[in-house]
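What follows is a single structure, written as structure tokens, with notes after it.
Number of protein chains: 2
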Amino acid sequence: MKKIHKAVMLIIDGLGDRPIDEFGGLTPLEAARTPCFDMLARGGITGLMDPLSPGIRVGTDVGHLALFGYNPLKVYWGRGPIEAVGVGINLRPGDVALRCNFATVDENFVIINRRAGRIRNTAPLAAALDNMSLGDGMRAIFKPATEHRAVLVLSGDRLSAEITNSDPGPVSEGEPVREVKPKHPGQPLAEKTARLVNEFVRKSYEILRDHEMNKERLKKGLPPANIVITRGAGMAVKMRSLTERFDIKGCCVTGESTIAGVAQMAGFSVLMNEKLTANIDTDLDEKARLTLEGLKTADLVVTHIKGVDLVAHDHRPREKLAFIEKTDQMLQKIIDGLDDPQDTFVAVTADHSTPCVIGEHSADPVPVLIHGEGVLVDEVRSYGERACARGGLCRIRANDFLLSLLDLMGVTYRFGS
Amino acid sequence: MKKIHKAVMLIIDGLGDRPIDEFGGLTPLEAARTPCFDMLARGGITGLMDPLSPGIRVGTDVGHLALFGYNPLKVYWGRGPIEAVGVGINLRPGDVALRCNFATVDENFVIINRRAGRIRNTAPLAAALDNMSLGDGMRAIFKPATEHRAVLVLSGDRLSAEITNSDPGPVSEGEPVREVKPKHPGQPLAEKTARLVNEFVRKSYEILRDHEMNKERLKKGLPPANIVITRGAGMAVKMRSLTERFDIKGCCVTGESTIAGVAQMAGFSVLMNEKLTANIDTDLDEKARLTLEGLKTADLVVTHIKGVDLVAHDHRPREKLAFIEKTDQMLQKIIDGLDDPQDTFVAVTADHSTPCVIGEHSADPVPVLIHGEGVLVDEVRSYGERACARGGLCRIRANDFLLSLLDLMGVTYRFGS
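Going down the list, the protein sequences come from chains A and B. Every letter in the first sequence is one number past the one before it in the UniProt record's numbering, and letter 390, counting from 1, is 390. Every letter in the second sequence is one number past the one before it in the UniProt record's numbering, and letter 296, counting from 1, is 296.
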């Protein structure tokens, strides 16, 4: 029997950045005090990683698909099905899944607050919508996700995901909720699916408008979550999981339902609880604890950190630097708690860059490292965008980075003889 | 007429490695004294090369297919046809070829020695099996290959290579020879092919059991080669050769029939004789001599060294280092003997890494270099895994490395106008 080594892979969402004036032209990661990351860089192999390929901006879903071993150009379903799997819905091929927001509208369906004030704990509202009867004898599956987010699934074999969004988009306060339409005219399955989604959106308003929880929110001066708006329709397809392909056990620690969805598609178990908020108020000690718990049974534990990306989207480089430092401390706690540090690889990566200056994902490659027995230690002394450009991994892609880690773990197989 | 430059490409099988404790954390190549390789690195351009792509472990056959200009994801036939071409069989599309071992079994077909004691000079045994009559009016082509290896070809247009192995695998002493079956049930062509192979295996025992050569071996206390076991069935397909594609003459110097097979598929002539053993007892002076002989008529001579890989599989870093040093001396002799050193490129590469610690192929990239007129000399001063990671070629793939060399030679053509 071949010997299999364990590994922890830390994914810091949106880590990569560009020079920041107030940091003297350093990036948040370069300016941050990160003794753990730097120790790993000094004793490991480093490089730059393209989430998909140079110059391609990716979303969090696509970036994670690649880091979990999929070719997003082949298997990308749209975000809806990923979210659906992430909240625990067992999708069947042909199901159409949509991402949803709880939002606040006026009586003319004009959006007042697209996230209903980033409402949390929406389970009672979601329960009021789940199993809703729609036309054509259909029933909607509706489950809450992180914060104001939720998932709608229409189940059946005569549907299409080729439909537009009812959500008018990120900056949409003052705009009306849109009517869902087929993306291309004359598609009867898409027309039927669009009709069902429009029915669901309209009924969600009728049901939520007078919900007890919204009455409470109005009393407190909070925006009521009085409608559900939809986007990112996608259809489930069948794919072979990473854990099956390499015969390993995987575990993912995350507070984010999208990441949980990708991980579950890849055959990973997910450790998730209410202490992990997928925001900067998350409990990083709990994340460290769950990572160590995961390592007891899994070969590969992937731990995901969302906060860094969120503050970068909000153009807040100081908060980004501060959360990077906290993440560094969390990883040190994980390393200190390892049962078998000599036999456990530690990899650090990111799903994409989110430069604070632009407040958006960019295509800049991200710095990566792998530390552990047998790696060809390079001369890079710190973990950062520029330092790692001189590393021994040179420049590789997310899929290749994961495979390189799996190869060091000893779980890959030989092509040819 | 465009001017064509000549080139020697040295392929050191299994060269790449990982840190070795007894070498102070250096790899065998880094620890070896290699004045010739280092001179070439100082005066040439270097880099890291992935045999296929990062994180993918390849076999010797796949690694060489890529270095001879093929995309193994498109043209990989299985090992049988490569071996068949390597022993000089002229395959036609539709032929099924299998790799074979001479082995030792007891009267119940239980394997006592899977390689018949690494028997050599099996020509008389092979001749007794060649042209054997089988059912369905078929005849078997059977030829000896390196050491205990051989090749079986079934010729015809109603066959299938989708069959299992009669050879139970690398660690199979004490196991019975397996019955060959279709890989998937209900395939009549595979059922027929399996039946023919089973018949061949059974008859090989009947014929070899009492063969004069085996009686001699028994007297000397050597295991008799009393059966042939099969694996790696593959079907020949038609491919355009590298020499045809670029209108060059190629020559390959090797002691290994697999490499000879790949080279011949690529349109190369092969220089091979009994002094080249594909092991550490090979005659490297003879290899240098044949390389220079090949250069008299060929544009590109590929010289292959097997010994480095063999000792790495046996976890022997000191022997690996020693054989690397001998290979370095061999290359110096080739360079000293060049008719036109100013006009001859010298490239050094490997088909894959075989780290001594794991004794197996790994996906680690290999160091490469190209020396000759017109290359953009980088700052790398020695030939090694880590040094070359900072080289001017950066990190490229085997196909691309070959094409880069062909482009320097002036034999590539323009895509576009």
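Here a beta-carbon is modelled for each residue, glycine too, at the ideal position from N, C-alpha and C.
Can you tell me the Cα-Cα spacing of residue i and residue j, whole angstroms?
i: Ser404/A; j: Pro182/A; result: 42 Å
i: Lys135/A; j: Asp343/A; result: At residue 135/A the sequence reads Gly, which differs from the Lys that was named. Rounded to the nearest angstrom, the two C-alpha atoms are 57 Å apart.
i: Glu325/B; j: Gln332/B; result: 11 Å
i: Phe142/B; j: Val411/B; result: 38 Å
i: Ala190/A; j: Val237/A; result: 17 Å
i: Phe246/B; j: Thr258/B; result: 23 Å
i: Val8/A; j: Leu300/A; result: 6 Å
i: Val151/B; j: Ala128/B; result: 14 Å
i: Met265/B; j: Ile335/B; result: 27 Å
i: Asp407/A; j: Ile358/B; result: 11 Å
i: Glu147/B; j: Arg118/B; result: 6 Å
i: Gly374/A; j: Leu40/A; result: 14 Å
i: Val380/A; j: Thr291/A; result: 27 Å
i: residue 420/B; j: Phe345/B; result: Absent from the model: residue 420/B. The displayed extent of chain B is 1 to 417, so no value can be given.
i: Leu73/A; j: Pro51/A; result: 12 Å
i: Leu208/B; j: Phe268/B; result: 35 Å
i: Val270/B; j: Ser133/B; result: 31 Å
i: Arg149/B; j: Tyr205/B; result: 16 Å
i: Ala97/A; j: Val262/A; result: 14 Å
i: Cys356/A; j: Arg18/A; result: 8 Å
i: His371/A; j: Pro35/A; result: 14 Å
Give the residues of chain B in contact with residue i, contact being defined as C-beta atoms less than 8 Å apart.
i: Ser404/A; result: Pro54, Gly55 and Ala363
i: Thr412/A; result: Gly55, Ile56, Arg57 and Ala363
i: Arg390/A; result: Arg390
Who are the neighbours of residue i on chain A, taking C-beta pairs under 7 Å?
i: Val62/B; result: Phe415 and Gly416
i: Arg316/B; result: The contacting residues do not exist; Arg316/B stays about 17 Å from chain A at best.
i: Tyr76/B; result: Gly416
i: Arg386/B; result: Leu376, Asp378 and Gly392
i: Arg18/B; result: Gly374 and Leu376
i: Leu48/B; result: Cys394
Check the Cβ-Cβ distances between residue i and every residue of chain B, and say whether any is below 7 Å.
i: Leu376/A; result: yes
i: Cys394/A; result: yes
Starting from the beta carbon of residue i, find every residue of chain B whose beta carbon is closer than 7 Å, and list them in chain order.
i: Asp400/A; result: Ser53, Pro54 and Gly55
Please report whether the beta-carbon of residue i lies at a distance below 7 Å from any beta-carbon of chain C.
i: Arg397/B; result: Of the protein chains in this structure, namely A and B, none is chain C.
Along chain B, which residues have their Cβ under 9 Å away from the Cβ of residue i?
i: Asp407/A; result: Pro54, Gly55, Ile56, Arg57, Ser362, Ala363 and Asp364
Nearer than 6 Å: is that true of the beta carbon of residue i relative to any heavy atom of the ligand NAD?
i: Ser172/B; result: With respect to the ligand NAD, the structure shown offers nothing to examine, as it has no ligands at all.
Which residues of chain A have a Cβ atom closer than 8 Å to the Cβ of residue i, listed in chain order?
i: Gly232/B; result: Ser417
i: Val357/B; result: Gly374
Give the residues of chain A in contact with residue i, contact being defined as C-beta atoms less than 9 Å apart.
i: Val270/B; result: By Cβ distance, chain A contributes nothing, its closest Cβ being about 20 Å from Val270/B, past 9 Å.
i: Pro72/B; result: Phe415 and Gly416
Does the CB of residue i have a neighbour CB from chain A at under 7 Å?
i: Arg195/B; result: no
i: Arg114/B; result: no
i: Arg209/B; result: no
i: Arg79/B; result: yes
Open item on the list: I'd like the ranges of any alpha helix (DSSP H) spanning at least 4 consecutive residues and lying wholly in the region 99-168 of chain B.
Closed with: 123-129
TODO: Entirely within the region 300-344 of chain A and at least 3 residues each: give me those beta strand (DSSP E) ranges in chain order.
DONE: 300-305
Open item on the list: So, does the region 247-255 of chain B touch the region 277-292 of chain B, judging by three or more C-beta pairs under 8 Å?
Closed with: yes
Task: Contact between the region 120-137 of chain A and the region 173-182 of chain A (3+ Cβ pairs under 8 Å) - done: no
- [ ] Please go through the region 7-85 of chain A and give each complete beta strand (DSSP E) segment of 3 or more residues, from N-terminal end onward.
- [x] 45-50
Task: Sufficient close CB pairs (3 or more, under 8 Å) joining the region 224-234 of chain A to the region 64-80 of chain A - done: yes
Task: Sequence ranges, beta strand (DSSP E) only - wholly within the region 188-271 of chain A, length at least 3 - done: 227-235, 250-253 and 269-271
Task: Inter-stretch contact at 8 Å, needing at least 3 Cβ pairs: the region 306-324 of chain B / the region 381-401 of chain A - done: no
- [ ] Kindly provide the ranges of any alpha helix (DSSP H) runs that are 4 or more residues long and lie completely inside the region 358-386 of chain A, ordered along the chain.
- [x] none
TODO: Take every Cβ of the region 159-175 of chain A, pair it with every Cβ of the region 191-198 of chain A, and state whether three or more of those distances are shorter than 8 Å.
DONE: yes
TODO: Specify whether the region 368-385 of chain B and the region 25-44 of chain B touch according to this definition: at least 3 beta carbon pairs, one from each stretch, less than 8 Å apart.
DONE: yes
Open item on the list: For the pair the region 300-310 of chain B and the region 275-282 of chain B, tell me if three or more CB-CB distances fall below 8 Å.
Closed with: yes
Open item on the list: Using a Cβ distance threshold of 8 Å, determine whether the region 220-231 of chain B contacts the region 51-69 of chain B, with at least three qualifying pairs required.
Closed with: no
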